[in-house]
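Comments concern the structure below.
Protein chains: 2
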Amino acid sequence: MNDVRPIRATSGTNHEGTSAHNRRVIIDALRLNGALSRADLARATRLTKQTVSNIMEELEIDGLVISRETVRRGRGQPSTPYGLVPEGAFAIGLQIDRHITRAIAVDLVGNVLIGKEANLPVGGPATGTPVVLQLVQEVRTELKLRAAQAEKRLVGLGVAMPGPFGIEQDGDDNPWMMGAWQRFPLLETLSAGTGLNVTLQNDAAACATAERMVGAAHGLDHAVCLYVGYGIGAGLILGGDLYSGAHGNAGEIGMALLTAGGRLTQLEHRASLASLYEHLGVDPMAPDIYSLIDRRAAADDPEILAWIEKAAIDLRWSVHLIETIFDPQTVILCGGAPAALATRLIDAMQPLLPSNADRADRLLPRLQLGMTDPWAVARGAAAEPIGHAFDPRFSAILKS
Amino acid sequence: MNDVRPIRATSGTNHEGTSAHNRRVIIDALRLNGALSRADLARATRLTKQTVSNIMEELEIDGLVISRETVRRGRGQPSTPYGLVPEGAFAIGLQIDRHITRAIAVDLVGNVLIGKEANLPVGGPATGTPVVLQLVQEVRTELKLRAAQAEKRLVGLGVAMPGPFGIEQDGDDNPWMMGAWQRFPLLETLSAGTGLNVTLQNDAAACATAERMVGAAHGLDHAVCLYVGYGIGAGLILGGDLYSGAHGNAGEIGMALLTAGGRLTQLEHRASLASLYEHLGVDPMAPDIYSLIDRRAAADDPEILAWIEKAAIDLRWSVHLIETIFDPQTVILCGGAPAALATRLIDAMQPLLPSNADRADRLLPRLQLGMTDPWAVARGAAAEPIGHAFDPRFSAILKS
DNA sequence: CAAATAAGTCAAGACAATTGACTTAAAAGA
DNA sequence: TCTTTTAAGTCAATTGTCTTGACTTATTTG
């Protein structure tokens, strides 16, 4: 008698939805194109001048946009461009990695205001959570000092962590796999501990978010970030949005099996920083490892070059595969690798393998260099709540 | 002085957009769940009862939905379920393949009403276009006889063809590559020749569209169709929508390079029907090849089993790769392969390689069998305009 | 037979975009 | 210099669509 089969449907929309969408479209357009006049915005969004005017007035009152000097562009009344106000919104980004955690504060346009890091003690979430919460609190306190409005304009806490999520892995007790963290109710704990909206993504996705917001993927609808960090992964920007798959694990190409030297192995074992550390015989936990690798790479250390030579083979194949499968506008190499290493990797990957990306009408390079600093992941983590806050479904700072 | 840099922005929306969205949401919900009452729809779409009532009244007048017998479900007034009217819309699907072309007519719920095929003469579009147009016309004429309303409820012509598009390929003069067709202004020609809205997708994408509309991917937001036809490809349903990449070539995994037997080769050369035909030494142009393969596979022909054994290795790897990269809810094997062959392929692929898809909370099999008949591609091609017609941006039959 | 429950309608109201006329400010041409 | 043209932006009224709250209808429960 009782029919309990759930009904599947997407949500309908109403006036508020319409309005929220239009506000978001305008903010997006400003982020993408810099300052624009009301008339420009009306043309670009295909809304009427009046609608744009109304929305801009609201946004100005909300402190999200501000007018600039008028500009004369030929006949007619000069236009008044409006730009985003950096202090219009803030977010905190948190990276949790194997032995270190980083927290940063960013503003609406993606400027990094504060960055702090701390070592994570062994013992997983039980001992790590207090450290993480403490770090976030420090950043938050400092942000409050720097910007009076910050606390009430704080739209959320974005967290990035290596994936995959929700999988019982082999070697789950290996501290480098972070299985304990992945099983831990991190969202709930951080949400309760900070009172902020918390979102979680994997590190490659965070890098892609950062590249899309303020990097090489800015304004692109189809781009893939090949993330080379301690592990390896791909951050997917598909159809203008970050794609995370059914369980948040899309793009975990580090676990892809490939035949190398006649043996089936995982990409991660061939081309990640983990494989480099192993190749060099250095301790991944050494505190100055980033600058060490940077220096040795810059000096064309033969051991590093040997690894690059080998890793480039597999990365070249990865780019070919990404191009073949996703048909993106460009592929961006990014992540926690030092710049000297990353540039040498890109050079060693040339010439790229032939693929569908060899098109006569290409506008962008097939492979380009993205952010290469240890803070990129935290930056992307912070960018997520900012992007999210202007999504129609979640308009936190616009109501009040 | 003249600033001609184009402004990039997404489009805003208005009341009509809201309404079109809500109508589409309702039609989607009916397609997904079968018949639903107004109250059910209101709960599922989070619209008010009144709004749903208004929209349903319109849809009923437009002939897209019809009420069914009332049902008593406990206390309260009995509910009146509404279902989609199959004759509410029609579309024609066209498959253009190497030596054959197929056209079918479908209705709103995906029933195939008419199917016709014709051999394509050698000579590419110059000689092929008249044949194709003739075939479409025949189907259209017959459809008119079958359903009086058909002509004015015809929402478009969907075309499917092997990809990739816009690439100058090696061996472009090879008639199996269809380079001449891919360079030909097909959309414009067919649009002019039929007066219909024409859309184009590759054959794997068409299969995925069909699976989503009426097959194994019905109601799924994340599914990948591994298409094994003359070539091999993947149709991607990501986040509830078909994904085609920046140039319509996403999912062309047939061109992915892999190491097999110590040599770098393309997946297509190992696991497509083309490779089977070559293995068997049969002429791919033989008119009864489909049933021939079906019979031999069903009889466990040793030559076929040998090919299956070999192809399964690479397909198993493909599934692993797809799962690793896309994190889908399920992978569906579909395409132009006969059922006897497809089931044996799936069996030979077991056990699947370990991947992120090995989850404790799985609801669907990792790999399942989809449509396996020569008409699946045409069916998907036809499904595209139907799906598209209820998109907010293109509400063809709703205005009038 | 009354109370509870749920489906569905009615009519008024609220919200947000559109429309068309208007104002303002500059460049171009006579 | 003065008029015309062009474009930005505003004002006030209108329109389209969803929401609200009270109501009606039909059924089960006790």
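Protein chains in written order, with the working numbering: chain A, 81 to 480; chain B, 81 to 480.
Glycine included, C-beta positions come from ideal geometry on N, C-alpha and C.
The structure presented is a predicted model; accordingly, all values stated were derived computationally and were not measured.
For the options A:ALA340, A:GLY320, A:ARG182, the alpha carbon positioned closest to that of ARG220 of chain A is the one of A:ARG182.
Within the DSSP bridge table, the entry for LEU237 of chain B names B:ILE172, B:VAL278 as partners. Contact residues of the segment 394-420 of chain B toward chain A are TRP397, HIS400, LEU401, THR404, ILE405, PHE406, ASP407, PRO408, GLN409 (C-beta to C-beta distance below 8 Å). Residue-level contact check: ASP363 of chain A does not touch chain B, since none of the beta carbons of chain B fall below 9 Å from its beta carbon. Under the DSSP assignment, GLY467 of chain B falls in the alpha helix (DSSP H) whose first and last residues are 456-469. From the beta-carbon of VAL457 of chain A, no residue of chain B is found nearer than 7 Å; the closest lies around 20 Å away.
If you check the CB distance, LEU421 of chain B and LEU449 of chain B do not come in under 9 Å. A contact is defined here as three or more CB-CB pairs under 8 Å, and the segment 266-277 of chain A fails this definition with respect to the segment 298-308 of chain A. Annotation for ASN282 of chain B: GLY243 place their beta carbon closer than 6 Å to its own, counting only its chain and skipping 5 residues before and after.
Scanning chain A for C-beta atoms nearer than 9 Å to the C-beta of MET241 of chain B yields nothing, as the closest lies near 16 Å away.
When only Cα atoms are considered, ALA419 of chain A and ASN113 of chain A end up about 28 Å apart.
Leaving aside the five residues that flank MET335 of chain B on each side, the residues in its chain whose CB is nearer than 8 Å to its CB run, in chain order, PRO244, GLN346, LEU347, GLU348.
Pairing LEU188 of chain A with ALA296 of chain B, the inter-Cα distance amounts to about 43 Å.
Ranked by Cα distance from ALA340 of chain A, the first of A:SER398, A:GLU383, A:ARG292 is A:SER398. Around ALA109 of chain A, the beta-carbon contacts reaching into chain B at under 9 Å are ILE87, ARG88, ALA89, THR90. Identification of residues in the segment 257-280 of chain A having a C-beta nearer than 8 Å to some C-beta of chain B yields an empty set. For MET451 of chain B, there is no enclosing alpha helix (DSSP H); the enclosing beta strand (DSSP E) has its first and last residue at 447-452.
The residues ALA288, ARG292, ALA297, ALA303, in chain order, have a CB closer than 6 Å to that of ILE317 of chain A in the same chain once the five nearest residues on each side in sequence are set aside. For the segment 314-340 of chain A, the beta-carbon criterion of a distance under 7 Å to any beta-carbon of chain B is satisfied by LEU318, GLY319, TYR323, GLY325, ALA326, HIS327, ASN329, ALA330, GLY331, GLU332, ILE333, MET335, ALA336, LEU337, THR339. Within chain B, the C-beta atoms nearer than 7 Å to that of ASP120 of chain A come from ILE87, in chain order. Taking 9 Å as the threshold, the shortest C-beta distance from PRO465 of chain B to chain A does not fall below it. Each of B:VAL294, B:ARG118, B:HIS179 was checked against the Cα of VAL211 of chain B, and the nearest Cα belongs to B:HIS179.
In the DSSP annotation of this structure, the continuous segment of the alpha helix (DSSP H) that includes VAL294 of chain A starts and ends at 283-294. LEU121 of chain A sits away from LEU164 of chain A, with the two beta carbons spaced by 9 Å or more. Identification of chain A residues near HIS302 of chain B by a Cβ-Cβ cut-off of 8 Å yields GLY325, ALA326, ordered along the chain.
Each residue's CA atom was taken as its position, placing ARG376 of chain B and ALA366 of chain B some 15 Å apart. GLU389 of chain A counts as exposed, since fewer than 16 other beta carbons sit within 10 angstroms of its beta carbon.
According to the DSSP assignment, SER147 of chain A belongs to the beta strand (DSSP E) that extends over 145-147. Here the segment 314-330 of chain B makes contact with the segment 313-331 of chain A; the two share three or more CB pairs at distances below 8 Å.
Counting only the Cα atoms, THR93 of chain B lies some 7 Å from HIS101 of chain A. Only buried fits GLY208 of chain B, as 16 or more other CB atoms lie within 10 angstroms of its CB. Counting only runs of 3+ residues, the beta strand (DSSP E) found wholly inside the segment 348-422 of chain B occupies 410-415, in chain order. Proximity of chain B to PRO244 of chain A at the Cβ level (cut-off 7 Å) is accounted for by ASN436, in chain order.
Proximity to LEU395 of chain A across A:ALA115, A:ALA314, A:VAL202, A:ASN191 peaks at A:ALA314, based on C-alpha coordinates.
Cβ neighbours of TYR323 of chain B within its own chain (closer than 7 Å, five residues either side excluded): LEU316, ALA330.
If you check the CB distance, THR279 of chain B and GLU464 of chain B come in under 9 Å.
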